[in-house]
Amino acid sequence: MEFVTKEVLASCMELLLDAVFLVNRGGTLVYVSPACEAILGYSSQELMGRSMIDFVAKEDRERTIEESKLVMAGRARIGFENRYIHKDGHYVHIMWSARWSEEHGLRIGVARDVSARKRAEALQRATYSISEAAHDAADIRSLCKAVHDTLGSLFPIEAIVVATCDADVRAWDKAYQYRESAEVPLVDWAQAAQLSTQATDAQVPLWRLIDTVPGDTSANAPARIHAVPLSLDGHVEAARHALAILPMHTARRAVGTLMIYGPVRALQAEAAQRLLAFVCDQTALAIERKQLIDDLYNAARFDELTGLPNRRTFSEYAGDVVRRAQRTNGKLALLFADVDGFKDVNDSLGHAAGDMVLKEIGRRMQVGVTDCGFAARHAGDEFVAIVQDAEMVDRIDFALTRLRAEIEQVIAVDGAQVAVRVSFGVAVFPDDGESMSELIRVADQRMYANKAARKSGGASFLERLL
Numbered sequence: 001m002e003f004v005t006k007e008v009l010a011s012c013m014e015l016l017l018d019a020v021f022l023v024n025r026g027g028t029l030v031y032v033s034p035a036c037e038a039i040l041g042y043s044s045q046e047l048m049g050r051s052m053i054d055f056v057a058k059e060d061r062e063r064t065i066e067e068s069k070l071v072m073a074g075r076a077r078i079g080f081e082n083r084y085i086h087k088d089g090h091y092v093h094i095m096w097s098a099r100w101s102e103e104h105g106l107r108i109g110v111a112r113d114v115s116a117r118k119r120a121e122a123l124q125r126a127t128y129s130i131s132e133a134a135h136d137a138a139d140i141r142s143l144c145k146a147v148h149d150t151l152g153s154l155f156p157i158e159a160i161v162v163a164t165c166d167a168d169v170r171a172w173d174k175a176y177q178y179r180e181s182a183e184v185p186l187v188d189w190a191q192a193a194q195l196s197t198q199a200t201d202a203q204v205p206l207w208r209l210i211d212t213v214p215g216d217t218s219a220n221a222p223a224r225i226h227a228v229p230l231s232l233d234g235h236v237e238a239a240r241h242a243l244a245i246l247p248m249h250t251a252r253r254a255v256g257t258l259m260i261y262g263p264v265r266a267l268q269a270e271a272a273q274r275l276l277a278f279v280c281d282q283t284a285l286a287i288e289r290k291q292l293i294d295d296l297y298n299a300a301r302f303d304e305l306t307g308l309p310n311r312r313t314f315s316e317y318a319g320d321v322v323r324r325a326q327r328t329n330g331k332l333a334l335l336f337a338d339v340d341g342f343k344d345v346n347d348s349l350g351h352a353a354g355d356m357v358l359k360e361i362g363r364r365m366q367v368g369v370t371d372c373g374f375a376a377r378h379a380g381d382e383f384v385a386i387v388q389d390a391e392m393v394d395r396i397d398f399a400l401t402r403l404r405a406e407i408e409q410v411i412a413v414d415g416a417q418v419a420v421r422v423s424f425g426v427a428v429f430p431d432d433g434e435s436m437s438e439l440i441r442v443a444d445q446r447m448y449a450n451k452a453a454r455k456s457g458g459a460s461f462l463e464r465l466l
């Protein structure tokens with residue numbers, strides 16, 4: 001058989017779709033086949049003489065070094081996968097076959113680009129991950145964290161913000177924020193909300209190049225951020241970074257925006273844009289579902305008008321409080337309040353005005369016991385509160401006088417001044433009862449006795465002051 005020359009082998013190397021790397025003991029690339037340029041964007045000359053680990057995604061470097069040690073110890077390896085950073089900035093998924101040549105002191109590796117397979121797997125993983133998070137996450141922030149983890153495995157992300165919006169009033173809320181380091185520039189929240197509104201109104205992604213303008217160093221002023229519009233069709237230096245503002249919509253409404261900051265070429269790639277669009281759609285559906293679940297939960301446990309816990313929630317919480325007091329020989333007081341003559345407000349000013357009065361009374365009731373307990377709407381114009389502070393319970397008459405003074409301040413409603421009068425009943429655990437049902441019964445009786453006593457005195461309990 002005719003001897004195969006080095007020139008023939010070199011010619012064969014140029015035809016390979018996989019890339020061949022030769023790496024010395026120090027981790028320096030001493031040979032790279034031409035196929036590498038199609039995979040990583042770098043020519044052979046650009047790579048040779050440089051440390052191979054510098055091109056590995058930083059999250060994968062530690063395990064790549066450990067894999068290299070195994071190969072150099074004489075263990076041939078097949079199927080190891082890690083990520084490299086393309087010259088344009090995006091991730092490239094590589095599967096390796098490698099062995100160590102002791103004779104030449106070189107690690108021989110054959111690299112295959114498996115990015116297409118990884119993208120398909122990423123779509124499946126993103127669907128599952130986001131769906132699972134939508135089901136398991138305790139709140140929207142936890143859901144957004146799961147979305148961040150999913151995206152972080154797909155792109156080099158240096159900052160991410162998820163903003164949710166109230167579609168009716170276009171009020172924005174920062175649901176989640178991550179910043180890799182203090183050196184990463186970040187637009188302020190007012191500017192982020194403005195960009196989110198623009199992207200949502202246009203229903204298309206917005207792209208911005210981020211420029212940092214140093215502040216006045218003598219005055220120690222912070223750096224200023226400029227967000228310059230970016231066209232994805234134009235050429236941008238690989239080292240530049242961009243902010244992508246991606247609107248999230250469902251068939252029903254606008255849900256929010258996903259804002260990602262990273263290498264412009266990584267986010268600019270067509271495959272990246274497809275993945276981001278897919279993740280946005282899935283995330284929007286997941287956030288909407290989570291918001292609907294939260295709405296249903298709140299509707300079941302909180303009063304829609306006042307926002308206070310409803311009767312059911314109060315009963316559950318109060319029962320726990322009483323059982324805790326029984327175990328610890330503690331004290332607590334139950335306050336039962338009823339608005340005197342509330343029907344007159346509805347009859348004279350209308351039900352909308354009556355709702356405003358109830359909302360304000362509920363707010364004042366909660367403020368009055370915030371430091372020592374909690375309040376709830378019991379039913380109609382009745383409110384209840386638990387006072388858990390032992391010292392306050394011992395001085396409950398003083399606490400009740402202060403609370404009554406707070407609640408009975410005049411309320412302005414549609415140009416009218418409404419003077420509120422409230423009747424109270426108080427029951428103390430364990431003096432007046434050792435169960436919540438006993439305490440409510442006693443407090444209710446004392447409230448009606450208080451109402452009757454005040455009424456017999458000829459006082460006006462609810463007046464419209466012109």
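Heads up: the sequence shown begins at 1 in UniProt numbering, then just goes up one per residue. Every residue gets a Cβ at the ideal spot worked out from N, C-alpha and C, and that includes glycine. Just so it is clear, the structure is predicted and the values come from calculations on it, not from any experiment.
**Asked** With a CB to CB cut of under 8 Å and the five nearest residues on each side skipped, what residues in its chain are close to S315?
**Response** Setting aside the 5 residues that flank it on each side, S315 is surrounded in the same chain by M436, each with a C-beta closer than 8 Å to its C-beta; the list follows chain order.
**Prompt:** Helix, strand or coil: which one does DSSP assign to G341?
**Reply:** Reduced to three states, the DSSP call for G341 is coil.
**Asked** Cα-Cα, which of Y261, G256, S142 is closest to E183?
**Response** E183 has its Cα closest to that of Y261, out of Y261, G256, S142.
**Prompt:** Below 8 Å, can you find three or more Cβ-Cβ pairs linking the segment 123-136 to the segment 95-104?
**Reply:** Fewer than three pairs of CB atoms, one per stretch, sit closer than 8 Å, so the segment 123-136 makes no contact with the segment 95-104.
**Message:** Buried or exposed for W172, going by 16 or more other Cβ atoms inside 10 Å?
**Reply:** Its Cβ being crowded by 16 or more others within 10 Å, W172 is buried.
**Message:** Check whether the segment 284-300 and the segment 347-356 are in contact - that is, three or more C-beta pairs closer than 8 Å.
**Reply:** By the Cβ rule, the segment 284-300 does not count as touching the segment 347-356, because fewer than three pairs are nearer than 8 Å.
**A376 vs N450 beta-carbon contact at 9 Å** = No, the pair does not count as a contact, with Cβ atoms beyond the cut-off.
**Item:** As assigned by DSSP and simplified to three states, the class of E304
**Value:** Three-state DSSP puts E304 in coil, outside helix and strand.
**Request:** Look up L335 in the DSSP assignment and say whether it is helix, strand or coil.
**Result:** L335: strand per DSSP, three-state reduction.
**Asked** Run through DSSP, which three-state label would L243 get?
**Response** Strand at L243.
**Request:** Say whether the segment 152-168 touches the segment 294-314, bearing in mind that this needs 3 or more beta-carbon pairs closer than 8 Å, one atom from each stretch.
**Result:** They do not touch, by the three-pair rule.
**Request:** For Y448, I'd like the list of residues in its chain whose CB is within less than 6 Å of its CB, leaving aside the five on either flank, ordered along the chain.
**Result:** Closer than 6 Å at Cβ, skipping near neighbours: no residue.
**Beta-carbon proximity of G330 to Q388, cut-off 9 Å** = If you check the CB distance, G330 and Q388 come in under 9 Å.
**Asked** Is DSSP giving M95 helix, strand or coil here?
**Response** When DSSP states are grouped into helix, strand and coil, M95 belongs to the strand group.
**Asked** Taking C-beta to C-beta, are Y317 and F374 nearer than 9 Å?
**Response** In contact: Y317 and F374 (Cβ atoms closer than 9 Å).
**Message:** Quick check on DSSP: helix, strand or coil for Y317?
**Reply:** Helix at Y317.
**Asked** R27 to R61, Cα distance in whole Å?
**Response** The question names Arg, but residue 27 is Gly in the sequence shown. In a straight line, the C-alpha of G27 is about 12 Å away from that of R61.
**Message:** For a test of the three-state rule: what should DSSP assign to K290, helix, strand or coil?
**Reply:** The DSSP-derived three-state label of K290 is helix.
**Prompt:** Do you know whose CA, among G79, V339, A137, G89, lies nearest K359's CA?
**Reply:** For the residues G79, V339, A137, G89, the minimum Cα distance to K359 belongs to V339.
**Request:** Using DSSP bridges, identify the partner residues of V184.
**Result:** According to the DSSP secondary-structure assignment, V184 is paired through a beta bridge with no residue.
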